[in-house]
Amino acid sequence: MQKMDTTLPLTFMLGFFVTQVVSRWSSILNGLGWIDDSALAFANYIRGADIETRILRRNMVRYMVLNQAIVLRDISMQVRKRFPTLETLAATGIVSMSELEMLERVHDPYSRYWTPIHWCYALLYEARLHGKVASDFLLDKITSEIRQFRHGLASLLKYDWVPIPLIYPQVVFLSVRIYFIICLISRQFITRQESPLKSEIDLIIPIGTIIQFFFYVGWMKVAEALLNPFGEDDDDLECNYVIDKNLITGMTLVDLGSNRIPDQKRDYFWDEDHIVPLYSLEAAKRTVHPMIGSASKINLVEKQANVTMAPHKSKLSKMDEQAQKAHIHIINVEAHNRRHSNELKNEKGAIDADTALSKISKRNTKQNWFGKLLRRRKQKGHQIPVQYTPGVNEKRHDSPAGDEHLPYYQRSPPRSPPLDYTFGETRRDYSPYGRGSEGGTLGLRRY
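So the mapping is simple: my numbering equals the position in the sequence shown, first residue as 1, plus 1.
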């Protein structure tokens with residue numbers, strides 16, 4: 002059996018096959034197409050609140066989803082069963098009947114997948130002519146997002162067109178099964194005394210072969226599950242979900258993405274010298290290992306007052322005495338040593354983190370108990386006096402009235418009027434393609 006292991010490179014053959022299958026599956030997943038980046042570009046680079054501009058943005062999203070749907074229905078049985086004919090696409094609203102007639106009038110014997118993308122490019126050209134896209138630079142950004150989306154779908158068609166040769170998985174799967182059929186006989190323990198192959202230990206159960214079987218067959222099952230990502234198994238790609246997600250997310254983004262912008266106010270940490278992010282008590286117990294160099298806290302000049310900087314010995318031999326003196330510098334490091342020693346003292350004198358967390362947890366437990374008591378008394382009709390807590394009434398800037406006595410983490414965030422900025426006003430175009438103010442009657446510039 003050991004000679005057969007050497008003759009049949011099962012590990013190499015199976016490992017190479019699984020690597021190819023996983024790499025192919027990952028590329029297919031990356032090329033499946035997500036519309037988020039394209040929809041964000043439509044929402045922010047094609048500006049306008051009128052009905053015509055809104056229709057333009059929504060139709061561009063719809064055409065991209067249509068392109069994805071007609072590609073996936075030709076390579077995925079899930080999508081093919083959902084859209085058995087092109088008329089079923091019209092019933093879902095992804096394409097109108099007039100657009101479907103235009104699509105069917107395209108006499109391309111190979112494919113019509115490019116037609117919806119062609120419509121998107123034509124709409125972008127019209128939008129640029131009418132000034133809805135501010136500059137050629139932004140137009141290039143939008144078209145690059147559409148192009149990347151189309152390239153991903155084109156890669157799916159290529160993978161479906163040229164699959165892994167059928168003989169390769171058949172050879173691998175057959176080899177694994179034949180190997181363990183032979184192991185079933187050849188791995189038996191020999192107990193006859195006069196046999197030269199007598200086993201030293203009779204384990205009754207071939208544990209090593211069983212472990213090998215689990216690993217090899219499990220490895221093979223992984224390749225079988227990933228071999229066809231467009232199938233109908235539970236582990237296959239959910240192509241119908243991707244189509245639905247792209248349609249809903251894309252429409253939502255282009256309708257609401259550029260209009261609903263929060264009022265620009267001062268943030269919660271305004272004028273704070275030391276920003277302290279907050280954690281829940283459970284998360285705060287975990288030790289955080291910051292990205293600090295392993296040699297950053299080593300002081301190599303702790304016992305020195307000065308450090309002499311001089312050229313390398315290979316350079317000194319080529320210098321005269323005057324040049325050597327000109328290139329020698331003496332650096333005083335006493336201030337550096339004081340800073341380093343102060344940092345060490347501060348670290349040693351700091352409060353233990355676990356002790357501080359324990360105190361906070363106990364304090365919160367008492368506050369919760371006291372709060373329940375006050376609520377119970379209030380329900381019974383008792384008058385609850387407002388108590389002022391000294392020591393925590395430091396007032397923050399623009400702090401709403403009534404929360405100065407609260408702890409820092411319970412105060413309302415500071416408020417300020419929104420910035421004097423109008424999002425819809427005409428701005429100067431600073432793109433590398435344009436000069437002067439953007440727009441114009443036709444939206445074009447002279448070069």
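Each residue gets a CB set at the ideal place from its N, CA and C atoms; glycine is no exception. All values derive from a computational prediction rather than experimental measurement.
- Less than 8 Å separating the beta-carbons of residue 43 and residue 61? yes
- Task: Compute the distance between the beta-carbons of residue 110 and residue 64, then report whether it is under 8 Å.
- Result: no
- Message: Within the continuous alpha helix (DSSP H) that includes residue 119, where are the two ends?
- Response: 115-130
- Message: On a Cα-Cα basis, can you pick out the residue from 249, 224, 54, 180 that is closest to residue 134?
- Response: 54
- Task: Whole angstroms is fine: what's the gap from residue 140's alpha carbon to residue 58's?
- Result: 14 Å
- Item | Run of the beta strand (DSSP E) containing residue 330, from where it starts to where it stops | 330-333
- Element boundaries [alpha helix (DSSP H), containing residue 144]: 137-162
- Query: What do you reckon, are the CB atoms on residue 22 and residue 284 nearer than 8 Å?
  - Reply: no
- Going by beta carbon distance, what residues of the same chain come within less than 8 Å of residue 148, once the five residues before and after it are set aside? none
- Could you tell me the distance, in whole angstroms, from the CA atom of residue 154 to the CA atom of residue 312? If you draw a straight line from the Cα of residue 154 to the Cα of residue 312, it is about 60 Å long.
- Hey, would you say residue 176 sits closer than 8 Å to residue 11, going by beta carbons? yes
- Item | residue 279 versus 39, 72, 164, 358, residue with shortest Cα-Cα distance | 358
- Message: At the level of alpha carbons, what is the spacing between residue 86 and residue 178?
- Response: The alpha-carbon of residue 86 is positioned some 42 Å away from that of residue 178.
- Query: Rounded to the nearest angstrom, how far is the Cβ of residue 114 from that of residue 71, given a contact under 8 Å?
  - Reply: 6 Å
- Cβ neighbours of residue 218 in the same chain (closer than 7 Å, five flanking residues each side left out): 177
- Query: How is the alpha helix (DSSP H) around residue 98 delimited, first residue to last?
  - Reply: In this chain, the alpha helix (DSSP H) harbouring residue 98 covers 98-105.
- Task: Spatial neighbours of residue 214 within its chain, please: CB distance less than 7 Å, with the 5 preceding and 5 following residues excluded, ordered by chain position.
- Result: Apart from sequence neighbours up to five positions away, the residues of its chain that approach residue 214 with a beta-carbon distance below 7 Å are 181, ordered along the chain.
- Query: What is the rounded straight-line gap between the Cα of residue 237 and the Cα of residue 26?
  - Reply: 10 Å
- Query: Does the distance from the C-beta atom of residue 78 to that of residue 233 stay below 8 Å?
  - Reply: yes
- Taking the continuous alpha helix (DSSP H) assigned at residue 307, which residues delimit it? Looking at the DSSP string, residue 307 is not in any alpha helix (DSSP H); the run it does join, the beta strand (DSSP E), is 307-310.
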